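Participant: According to the working numbering, the sequence shown is numbered sequentially starting from 9. Positions of the beta carbon are idealized from the N, C-alpha and C atoms, including for glycine. If you're wondering where the values come from, they're calculated on a predicted model, not measured in any experiment.
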Amino acid sequence: MRTSGLLAVALALGVLAGAPPASARCRLKVQLAGGSFFTRQARCVDGDPACDSDSKLDTTCDFQASLCFSTDGVTACDQGDLGGMSIASAPGLGGLSNVLEQFKATATPGTLCTAAATVAVPTNGKKKGQVVMKVL
Numbered sequence: 009m010r011t012s013g014l015l016a017v018a019l020a021l022g023v024l025a026g027a028p029p030a031s032a033r034c035r036l037k038v039q040l041a042g043g044s045f046f047t048r049q050a051r052c053v054d055g056d057p058a059c060d061s062d063s064k065l066d067t068t069c070d071f072q073a074s075l076c077f078s079t080d081g082v083t084a085c086d087q088g089d090l091g092g093m094s095i096a097s098a099p100g101l102g103g104l105s106n107v108l109e110q111f112k113a114t115a116t117p118g119t120l121c122t123a124a125a126t127v128a129v130p131t132n133g134k135k136k137g138q139v140v141m142k143v144l
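(1) What three-state label does DSSP hand serine 105 in the structure shown?
(2) Only counting the same chain, and skipping five residues up and downstream in sequence, which positions put a Cβ closer than 7 Å to that of alanine 115?
(3) With a CB to CB cut of under 7 Å and the five nearest residues on each side skipped, what residues in its chain are close to glycine 157?
(4) If we count Cβ pairs, one from each stretch, closer than 8 Å, do we get three or more for the stretch 62–75 versus the stretch 122–134?
(5) Looking only at its own chain, which residues have a Cβ that is under 8 Å from the Cβ of threonine 79, when we skip the five neighbours before and after it?
(6) In angstroms, rounded to a whole number, what distance separates the CA positions of serine 97 and methionine 141?
(7) Quick check: the Cα distance between phenylalanine 77 and leucine 101, rounded to an integer number of angstroms?
(8) Which whole-angstrom value is the C-beta distance of alanine 73 and leucine 104, which I expect to be below 8 Å?
(9) Excluding the 5 residues flanking serine 94 on each side, which residues of the same chain have their C-beta closer than 6 Å to its C-beta?
(10) Using DSSP with H/G/I as helix, E/B as strand and the rest coil, what is arginine 35?
(11) So, helix, strand or coil for leucine 90, using DSSP?
(12) Less than 7 Å separating the beta-carbons of aspartate 60 and cysteine 52?
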């Protein structure tokens, strides 16, 4: 089995576009399937059903991840605070970018998290794989 990691660089900072007061109030966390959150990275072994959502030995770990936005871990951010936020284009992150755009357009007040999306991380042979997510 090969190890693969999902590395999320800017997540611990809670970076959001908009006025400084909004970014000071609103924080971003990534929630994985099963409910655990991470701020810097998550690890998985290809084929491990605990983290690889397709459970296949196919040289890719498929994480199921949601983006969650709150002011204190319980209170949802104002939708207006999320308007200018985006995820920089990178292989494997198209699904998260899509659910973020859907969330900004359709989430009802009080909603904390986007729908789950697949983040595919290739294992890169003998090296650890990684996908870096930049939040703009």
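Facilitator: For this structure:
(1) Within the sequence shown, numbered from 1, the residue matching residue 105 stands at position 97. Three-state DSSP puts serine 105 in a helix.
(2) To locate residue 115, count along the sequence shown from 1; it is residue 107. Contacts found: Gln87.
(3) Since the first residue of the chain shown is 9 and the last is 144, residue 157 is not available in this structure.
(4) Result yes; three or more Cβ-Cβ pairs closer than 8 Å.
(5) In the sequence shown, residue 79 corresponds to position 71, counting from 1. For threonine 79, where only same-chain residues beyond five positions count, the Cβ hits under 8 Å are Arg33, Cys34, Arg35 and Cys85.
(6) On the sequence shown, residue 97 is found 89 positions in, with the first residue counted as 1. On the sequence shown, residue 141 is found 133 positions in, with the first residue counted as 1. When rounded, the distance between both Cα atoms is 8 Å.
(7) As a working note, residue 77 is residue 69 in the sequence shown. As a working note, residue 101 is residue 93 in the sequence shown. Roughly 18 Å separates the two Cα atoms.
(8) Counted from its first residue, the sequence shown places residue 73 at position 65. Counted from its first residue, the sequence shown places residue 104 at position 96. With a Cβ gap of about 6 Å, alanine 73 and leucine 104 count as contacting.
(9) The residue you call residue 94 lines up with position 86 of the sequence shown. Correct list, in chain order: Leu144.
(10) For the purposes of this step, residue 35 is taken as the residue at position 27 of the sequence shown. Arginine 35 falls in the strand class under three-state DSSP.
(11) For the purposes of this step, residue 90 is taken as residue 82 along the sequence shown, with counting starting at 1. Leucine 90 falls in the helix class under three-state DSSP.
(12) Within the sequence shown, the letter at position 52 stands for residue 60. Within the sequence shown, the letter at position 44 stands for residue 52. Annotated as proximal: aspartate 60 and cysteine 52, with beta-carbon spacing under 7 Å.
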